[in-house]
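J.:
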Amino acid sequence: MRWSLTTAIVIVLAYSVALILVDEFIAKPWRRRRWQQRAARGDAEARALLERARKREPALEE
């Protein structure tokens, strides 16, 4: 099967969009929850990471 340039571009774009969506809707909530658990145990680095995330995305204020 010969792939054209268009097919290759579509595959790369679809893969890129899929990775972005997985990061946005699956990985990011996992990271944030893990940081919250660490911050609750007194980890200063996790508190700093959460504060940086809140500044970057103010709509996520808890």
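Straight run, no breaks: the sequence shown in this note's numbering ends on number 1365.
All C-beta atoms in this analysis are idealised placements derived from N, C-alpha and C, irrespective of residue type, glycine included.
1. Can you say whether tryptophan 1338 is buried or exposed, counting buried as having 16 or more other CB atoms within 10 angstroms of its CB?
2. Using three-state DSSP, classify arginine 1305 as helix, strand or coil.
3. For the alpha helix (DSSP H) holding proline 1332, just list the boundary residues, first then last.
4. Of all the options Leu1352, Leu1324 and Leu1322, which has the alpha carbon lying nearest to the alpha carbon of lysine 1336?
5. Since alanine 1349 and arginine 1341 are thought to touch, with beta carbons under 8 Å apart, how far apart are those beta carbons, to the nearest angstrom?
T.: According to the structure data:
1. buried
2. coil
3. Note, proline 1332: alpha helix (DSSP H), 1331–1343.
4. Per the sequence shown, the amino acid found at residue 1336 is arginine instead of lysine. The candidate whose alpha carbon is nearest that of arginine 1336 is Leu1352.
5. Between alanine 1349 and arginine 1341, the beta carbon gap of about 4 Å places them in contact (Cβ cut-off 8 Å).
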